[in-house]
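Working notes, structure below.
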Amino acid sequence: MARIGVFVCWCGSNIAGTVDVEKVREEAAKIPGVVSALDYKYMCSDPGQNSLRNIIKEKNLTGIVLAACSPHMHENTFRKAAAKEGLNPYFVEIANIREQVSWVHEDKERATAKAVDLMKMMVEKVKRDRPIEDVRVPLNKKALVIGGGISGIQAALDIANGGVEVLLVEKEPSIGGRMIQLDETFPTLDCSSCIMTPKMVEANQHPNIKLYTYSEVEDISGYIGNFKIKIKKKARSVVEKDCTGCGECWNACPMHKNVKSEFNVNLSERTAIYVPFPQAVPLVPVLDRSVCLHYKKGGKCQKCFDACGPKCIDFSLQDEIIEETVGAIVASTGYDLMDTSMYGEYGYGKYKDVISGLQFERLLSASGPTEGVIKRPSDGKTPQTIVFVQCVGSRDPEKGVPYCSKVCCMYTAKHAKLFAHKVHGSQSYVFYIDIRSTSKGYEEFVRGTMEQDGAIYLRGRVSKIYEDEGKLIVKGADTLSGNQVEIAADMVVLATGVIPKKGSDKLAQMLGISYDKYGFFTESHPKLRPAESSTAGIFLAGMAQGPRDIPESVVSGSAAASKILGLFSKNEYEVEGTIANVNEATCVACFYCQRVCAYNAISKKEIKDRSGKLIKVVANVNPGLCTGCGACVNACFSKSIDVKGFMDDQIYAEIKALAV
Amino acid sequence: MKLAYYPGCSLKGTSFEYEVSLLKILEVLNMEIKEIPDWNCCGASAAHSINHNLSVALPARNLAIAEKDGYESVLAPCAACSNRLKNADYELKNDDILKKKITDSLEMPYNAEMSINNMLEFLIGVVGKDKIKSMVKKPLSGIKVASYYGCLLVRPPKVMQFDDPENPVTMDELVALTGAEPVDYSFKTECCGAINSLSKPDVVMALTGNILYDIKKNGADLVVVACPLCHSNLDVRQREIERKYDEKLGLPVLFITELLGLSFGIDPKDLAIDGHMVAADRVLKKIKELTNQQ
Amino acid sequence: MKTVINEQNRRNFAAQVESMLHDKLAKCYQCGKCSAGCPVNFEMDYTPNQIIKMTELGMEDKVLSSKTIWLCVSCNTCSTRCPKGFEVTGIMDVLREIAEKKGIVSKVEKEVQMFHEVFLDNVKSNGRIFELELVGKYKLKTRHLFRDMFLAPKMLEKGKLKMHGEKIAGLNQIAKIFKDFE
């Protein structure tokens, strides 16, 4: 015989202000099987929980119903309290009379009636609850980090320092990501490569980190604790272990000046066999087969091979597939810059001296194509006047994206500052709409660019840029003075907006994590679970989640790492027991359930007799993957699947309670 | 396909050269267009400036007549007319309340299934590059031509659905077909001030001057346009602009139909090139010399 | 340069403009790209983005008697480049139409306004434009009798000015359209 306790929470005035809680309690007491009914100001408080525990003990309750806030808030709290008194935690049901009643209704009488209904439904449900055990999944304590930029490197180092083995996979020939392309960093002006290279080297030398550069994750299956991954290690045509990075090969390559350097954003050329930049990690070249003469001309050219001392160039190397099992993943794939050639009015691509912010970084950088001397791409002259245009592509729902790219205000202020430092007597003009400089030291930095370094800021956008007698004429507006302005510049730098790395949507689909309409990975909760993806065991870091600066990227990398170390601190991962359950006796093996399952949680299972003879094939639920969504329940023709805690008889009883 | 022709007021008046040359080249191309019977003025800028409903109703009458007569496609050589026809068509397609108001007033239905072509769309899309190329008898090689598009052909892009609004190329492609050399410059789609030509001549001369001097600087022998309003400003006002800025221009302004006609070997007189205010004699002489050499 | 905002008037004016424009004034975030590219900005008393803000604030008198709305040549450069897709050119049409309906005559730019009026009169009476009559009436109305007169002889010589106009057969239809919408 059921012995049910009902607890009605006031939630201060949150519920009690709109719902007559005493009435709800009185109605509860009338229901057969309810042996105790109580209302209390805050059920989640310590005294509230204590009285709940006492009543469970005193009345020897077999199930409890809380008429309170959403189960998202406190289901766990009450389950734990019940478990402490020896009750199976799944004998706790919540009637949500806050989010679904008091917060959304005004009429007290009708709200109370609805609260009573919801409470009654849960009483009928709890009477039919069966004990459920949580599922425990063993954990493979190894992590995969996808993307070797600053956030990925940070995550990898933190995990590795926690004693866990890490695979760091990077698509490009070297780790370092976007940060290694930058010159000096705001607001402290420390040199990016000076602070980045030690981290890259540390990642490469760390005993717990296995580095896969020039590699891509090709396939992922499995679930938290047990992800099976395939990494494609693209053929480098160089045997890594033998290479000394001496450079004889790329010096010998006849293909110099033929291929645009990706690392220098098309401002210089590279050879077919190349390292993207001198501090590359690993310092092992990659042979770009799409342009190499050896491959194009049937093996005739082998100048690099001839020049190589340790003879580590191997034209016959093939792509390699590496299979690994990991327990957790960090997705930190970073960002790209928007293509600004859609702004015909700005002439990017048409005028050589209209460049992007990242290109300007390369012009500033000592390791860049001009060795840090600012020179115009058109004629190599040092510009005296530069116009910087902010929000190119950002905050532009018509041609670009509606969001703010967050870093452009700061990097533009930095560009104007560095330009003033490098070219004395020069002048920069910055067109902006709003200046966003909200982190520590940022506002002071921007003010310094104006007050000490003399940059002129104009509040407005630019409408057109055109060339006239060797100058770029910039037509803009200054809305503060209410003027249309024209500036004759030697160079124009567009603060190009950021978008997710090309292909990150495909990766998200492979990982089974959600992403927004721009392709940025979405967090499990934007405020409270910012490091978690929508899928258990997969964590997020860096710009792949949205625009952010270096400190934020580092923090997010560390956050993902700490989540993984926390997860790996136990040997098993607990999954809620409310998952699908197959009645093997009635299952007819049609496998419609398998077709509708979004999580690949259903497989075929063979049932054999003692002699090993096959009796039948049935659907089998993988508890590590099942989320208890119930899609299979609807698809099952023979009514052989139920989700534990949501059995058919329970649902019908709830509906009947409503009808009475 | 039956092709309707909406000449508009300018082609029957100040820009008669445009119509003469258009009809002439179509004759050579062996193509037939039919004037929309009893067409009326599209209302031009005046209507949309002070009376939105009129700006839809006036063009709609012409479109409805053409539709009733079974035409699927209208050619409006005047950029302003094609702009207003397309605008009206766009609004009627997207605003059912307005559509009811307008068709009730016209007492004619309009299904808005007409394809409305400006001159360049017509030449590229309906006539076709191959056909034009095959008619070029006297290639104008060595002649440098700047194509001026102005506003009305390309803007607003959402309604015009024609070429790149910042850097259009269609007219340059036609120029290239004639054998002439297209000249690139920065002000292809800058406004010449068209509608305020009579009411704000100073403003118009400033805007048109900018365009003409930029074209001159880029070494063009002549300018081609596909808009009578652009033509008026660039051609009729050119002498004044020269006087105002005290710098010679001497840039003949031809309609694209005239340039095509010249490359087809049609006599300039039959194209009414002598109807322009800026004499094209020097360029015509150059063309004659060049073609004689070929 | 001070405006006291009357909430009721502000709302009424903004709502009227928005309903005619089929667009929201709040969409504009005042980046100024419209003003940056406007070819006639140099003659205007208020820049286009200021006109939008002033409309939102309900500064009806200033907006409707501004030079800006009449100087706008509807070239659509602003709307084409507007990052928010706001109908910048459209708002100028709307404001002109409101001014015209209220009988507000621009003190400084009345010629433009008069030209539009004379133009539509010409359409109303002929169905098409008779250019010589249009120019003549416009000159009489503005009293700029001799402006541009030096162009006339050569234009006549070139055959650009027709001496008589045509009237269309369906003038009654045109009259009905004007009656319905004027």
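Line by line, the protein sequences give chains A, B and C. Numbers given in the working numbering equal positions in the first sequence, counted from 1, plus 219. Numbers given in the working numbering equal positions in the second sequence, counted from 1, plus 1250. Numbers given in the working numbering equal positions in the third sequence, counted from 1, plus 572. Even glycine gets a Cβ: it sits at the ideal position worked out from N, Cα and C. Note that this is a predicted model, so its numbers are computed, not measured.
Just to check my reading of the structure: residue i and residue j have Cβ atoms closer than 8 Å, yes? What is that Cβ distance to the nearest angstrom?
i	j	result
Ala635 (chain A)	Val620 (chain A)	Not quite, the Cβ-Cβ distance comes to about 24 Å (not below 8 Å), so this is no contact.
Val385 (chain A)	Ile428 (chain A)	5 Å
Val243 (chain A)	Val335 (chain A)	6 Å
Thr619 (chain C)	Ala750 (chain A)	With 8 Å as the limit, Thr619 (chain C) and Ala750 (chain A) do not qualify as a contact, their Cβ atoms being about 46 Å apart.
Met341 (chain A)	Val284 (chain A)	4 Å
Ser613 (chain A)	Gly716 (chain A)	4 Å
Val1306 (chain B)	Ile1352 (chain B)	6 Å
Leu713 (chain A)	Val608 (chain A)	5 Å
Along the chain, where does the alpha helix (DSSP H) that runs through residue i open and close?
i	result
Met1385 (chain B)	1379-1385
Met710 (chain A)	That residue, Met710 (chain A), is in no alpha helix (DSSP H); its beta strand (DSSP E) goes 710-715.
Leu784 (chain A)	769-787
Thr562 (chain A)	Note that residue 562 (chain A) corresponds to Tyr in the displayed sequence, not to Thr. Tyr562 (chain A) -> no alpha helix (DSSP H), and no H or E assigned at all.
Leu1479 (chain B)	1478-1481
Val1454 (chain B)	1451-1467
Ile428 (chain A)	No alpha helix (DSSP H) holds Ile428 (chain A); the beta strand (DSSP E) holding it covers 428-431.
Gly662 (chain C)	660-674
Cys628 (chain A)	627-641
Using a Cβ-based criterion (distance less than 6 Å to any ligand heavy atom), does residue i qualify as near the ligand PLP?
i	result
Asn800 (chain A)	Judged by which ligands are present, the structure shown has none, so any question about the ligand PLP falls away.
How is the beta strand (DSSP E) around residue i delimited, first residue to last?
i	result
Phe446 (chain A)	445-452
Cys610 (chain A)	604-611
Thr714 (chain C)	Run containing Thr714 (chain C): none in the beta strand (DSSP E); it sits in the alpha helix (DSSP H), 703-714.
Arg355 (chain A)	354-357
Asp861 (chain A)	860-862
Among the residues of its own chain, which have a CB less than 6 Å from the CB of residue i, if the five just before and after it don't count?
i	result
Leu536 (chain A)	Ala454, Ser456
Val606 (chain A)	Tyr648, Val693, Ile706, Ala708, Val711
Pro602 (chain A)	Arg595, Asp709, Met710
Ile675 (chain A)	Tyr648
Gly1443 (chain B)	Val1453, Val1454, Leu1457
Glu542 (chain A)	Lys449
Kindly list the residues whose CB is nearer than 7 Å to the CB of residue i, restricted to its own chain and excluding five residues on each side of it in sequence; keep chain order.
i	result
Arg653 (chain C)	Lys605, Gly609
Val240 (chain A)	Val227, Trp229, Ile234, Asp258
Val690 (chain C)	Leu706, Lys709, Tyr710, Lys713
Ser487 (chain A)	Ser480, Pro588
Could you say which of the options lies nearest to residue i if we only look at CA atoms?
i	options	result
Glu312 (chain A)	A:Val388, A:Phe297, A:Ile492	A:Phe297
Gly395 (chain A)	A:Ile874, A:Gly722, A:Leu430	A:Leu430
Ile1465 (chain B)	B:Leu1261, B:Tyr1398, B:Lys1274, B:Pro1407	B:Tyr1398
Gly553 (chain A)	A:Gln268, A:Ala375, A:Arg397	A:Arg397
Glu882 (chain A)	A:Lys327, A:Asp353, A:Leu306	Residue 882 (chain A) lies beyond the range of chain A shown here (220 to 879); nothing can be said about it.
Asn1290 (chain B)	B:Val1386, B:Pro1257, B:Phe1266	B:Pro1257
Ala755 (chain A)	A:Gly716, A:Gln400, A:Ala550, A:Ala379	A:Ala550
Ile732 (chain A)	A:Pro766, A:Leu759, A:Ala714	A:Leu759
Ile372 (chain A)	A:Ile654, A:Ser264, A:Pro417, A:Ile492	A:Pro417
Lys303 (chain A)	A:Asp326, A:Leu271, A:His324, A:Lys832	A:Leu271
Cys288 (chain A)	A:Asn273, A:Met262, A:Lys299	A:Met262
Asn800 (chain A)	A:Arg814, A:Gly849, A:Val807	A:Gly849
Asp595 (chain C)	C:Leu636, C:Leu643, C:Thr661, C:Gln622	C:Thr661
Trp642 (chain C)	B:Ser1299, B:Leu1304, B:Ala1329	B:Ser1299
Ile746 (chain C)	C:Met735, C:Glu729, C:Lys730, C:Ile701	C:Ile701
Leaving out five residues before and five after residue i in sequence, what residues of the same chain have Cβ atoms less than 8 Å from its Cβ?
i	result
Leu218 (chain A)	Look at the range of chain A in this structure, 220 to 879, and you will see that residue 218 (chain A) is not part of it.
Ser509 (chain A)	none
Phe1266 (chain B)	Ala1522, Gly1525
His640 (chain A)	Asp672
Practice prompt. Determine, using beta-carbon pairs with one atom in the region 1516-1531 of chain B and one in the region 1270-1279 of chain B, whether at least three such pairs fall under 8 Å.
Written response: yes
Item to complete: Determine contact between the region 762-781 of chain A and the region 567-579 of chain A, defined as no fewer than three beta-carbon pairs at a distance below 8 Å.
Response: no
Worksheet item: Any contact of the region 465-479 of chain A with the region 526-543 of chain A, i.e. 3+ C-beta pairs under 8 Å?
Response: yes
Fill in: Contact between the region 1460-1474 of chain B and the region 614-630 of chain C (3+ Cβ pairs under 8 Å)
no
Fill in: Segment contact flag, the region 576-585 of chain A with the region 471-485 of chain A, C-beta cutoff 8 Å, min 3 pairs
yes
Worksheet item: Does the region 1366-1380 of chain B come close enough to the region 1409-1420 of chain B to have 3 or more Cβ pairs within less than 8 Å?
Response: yes
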